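Q:
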Amino acid sequence: MLIAALRDLQWRKRRFVIAIVGTGLVFAMTLVLTGLANGFGVEANRTVDALGLQNYLVKSGA
């Protein structure tokens, strides 16, 4: 069965390469978006910590 799969890949190299590149792009975009979302939370915490305040007020509905 493995030999048949390898022979099939030989004949369909282009499709295989496109599938690998597409999978890699999806994985890379997932990592980028995860890092970006995590960065927003970290930046907000660092900004609040840099102010050195113990309490702060936020207008209702803001």
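Everything in the sequence shown is counted per numbering that gives the first Met the number 0, starting at 0 for the first residue and increasing by one.
We treat Cβ as the ideally placed atom computed from N, Cα and C, and that holds for glycine.
The structure displayed is predicted, hence computed values, not measured ones.
For Phe15 and Ile2, what's the separation of their Cα atoms in angstroms?
A: About 16 Å.
Q: Measuring only the C-alpha atoms, how far is Ala36 from Ala18?
A: For Ala36 and Ala18, the distance between alpha carbons rounds to 27 Å.
Q: Could you spell out where the alpha helix (DSSP H) holding Met28 opens and where it closes?
A: It spans Lys12 to Leu50 - the alpha helix (DSSP H) in which Met28 sits, taken as one unbroken run.
Q: Taking only three categories from DSSP, how would you classify Leu56?
A: Coil.
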